[in-house]
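Under this note's numbering, the first residue of the sequence shown is numbered -6, with each subsequent residue one higher.
The next block holds one structure in the form of structure tokens; read it before the comments.
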Amino acid sequence: MEHALEITDLNHRFGIPEIVKIVEGHGGLTKVEVTSRSAQGEIYLHGAHVTSWIPADEEEVLFVSSQSQWNESRPIRGGVPVCFPWFSNKADDVNAPMHGFARTTAWQLESVVQTGNTVTVGMFIESDDTTKKWWPADFRAVLRATFGPELILELDVLNTGKTSFRFEEALHTYFRVGNIETVLVKGLNGVDYVDKNDDKRKKTQDGAIAIVSETDRVYLNTDAIVDLEDPALRRQITIAKENSMATVVWNPWIQKAKAMADFGDKEWPHMICIETCNVGDSFVELMPGQHHQMQAIVRVSNLKQTA
Ligand code: BG6
């Protein structure tokens, strides 16, 4: 009942007739549904987690696992997890949640703005006693998702405290692909990367990336635009970015897929993560009052067939 009242209240404050609706999603978690002339999309308050983007005349662009556990203590598997304020394991605390606490925190809806045929949904979290259990910083983080002919994701972190802090961040985007074995990821030729599947050895990318086994790589010092060519779905997904100096490419392949409780054993051929991020040496440092905005800008186009 309380939840129903909360949803009614959110609809009064942020709903736009026929375009933006706040509803109960999977597992009773609250989500914002957007249906505009240029795109459909959805974003959960749990983790400020985008789970769908369907530009007009296209199919779903994002992958969400059929095995995702939809509950407050777990991150959603698929879509766009927001990793913050650290990536992977927290260096100084083995008990801290993987990829930070943002993806398992309830964010608050801050704004819904319609501009022409696009809709931007903004959500925020602020430091409190719970976040300080893991990380001492005073901060405010805002996630803005713009659903339109492009999907624009922006993570804006502000230092609200009196001392500087450092953080890592990732927009851990899961893209839906027809067949991982035929996709090519282009744009990172010549870029150095850390190969997490080979003892974190540092290597240099030679040509396009083809996925032929478990792949978990952090591409370093790069702001390059990446093209994901998917001949099976006859489309190309282009990921541009702002204020991000690392890109992670991840596919769990067969064994890791089996080991993950919230991921289907046979789903690995149908997804790839290309993550816009600042991780490792490209961490961000903010002085009091400073903020940092990282953006991922995603577009879809028809794949030009080569003979
Ligand atoms: C990737 C990491 O970003 O996320 C991988 O590079 C990790 O190492 C993957 O396995 C998934 O992480 P999680 O916590 O969502 O299972």
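In this text, a Cβ means the ideal position worked out from N, Cα and C, and glycines have one as well.
Boundaries (first-last residue) of the beta strand (DSSP E) holding residue i
i    : result
L164 : 162 to 164
N271 : 264 to 271
W261 : Neither: W261 is in no beta strand (DSSP E) and is coded neither H nor E.
F301 : What is shown of the chain runs -6 to 300, which leaves residue 301 out entirely.
A42  : Before going on, a small fix: residue 42 reads as His here, not Ala. Counting along the chain, the beta strand (DSSP E) containing H42 begins and ends at 42 to 48.
K24  : 23 to 28
T208 : 208 to 213
D223 : 219 to 223
L177 : 177 to 179
Own chain residues within Cβ distance below 8 angstroms of residue i, not counting five before or after
i    : result
W100 : L38, H39, G40, A41, M116, F117, I118, L136
M91  : S81, N82
N152 : A130, D131, F132, F158, L279, M280, P281, G282, Q283, H284
D185 : K195, K196, T197, Q198, Y212, L213, N214
Own chain, CB closer than 6 angstroms to residue i, minus 5 neighbours either side, in chain order
i    : result
F256 : S58, Q60, R70, A250
A300 : For A300, the predicted model reports a pLDDT of 45, less than 50, meaning its position is unreliable; a value from the coordinates is still stated below. The answer is none, since no qualifying residue turns up.
W127 : A89, F94
R194 : D188
D209 : K189, N190, W243
S294 : Q229
I36  : V25, V43, V114, A138
I204 : I173, N244
I47  : Q33, E53
Beta-carbon spacing of residue i, residue j below 8 angstroms
i    : j    : result
A289 : G141 : no
I232 : V291 : yes
T223 : V176 : The question names Thr, but residue 223 in the sequence shown is Asp. Yes; because the gap between Cβ atoms is below 8 angstroms, this pair is in contact.
V114 : V241 : no
I173 : I267 : no
L148 : V87  : no
T97  : S66  : yes
G171 : A225 : yes
W261 : S206 : no
L102 : F168 : no
E162 : F77  : yes
Residue interval of the alpha helix (DSSP H) (run including residue i)
i    : result
A252 : 246 to 252
L3   : -5 to 7
W127 : 122 to 127
Paired residues, beta bridge with residue i - DSSP
i    : result
A138 : V114, L146
S294 : Q229
N152 : F132
C108 : Note on residue identity: the sequence assigns Thr, not Cys, to residue 108. T108 pairs with T111.
H39  : A99
G34  : V27, W46
Status (buried if at least 16 other CB within 10 Å, exposed otherwise) for residue i
i    : result
T269 : buried
G183 : exposed
I15  : buried
Q248 : exposed
S237 : buried
E11  : exposed
Q286 : exposed
T1   : exposed
V73  : buried
T215 : buried
A134 : buried
D220 : buried
K234 : buried
G200 : exposed
N271 : buried
Contacts around residue i, its chain only, beta-carbon distance under 7 angstroms, and the 5 residues preceding and following it disregarded
i    : result
I9   : V105, Q107
E143 : I290, V291, R292
Q62  : D255
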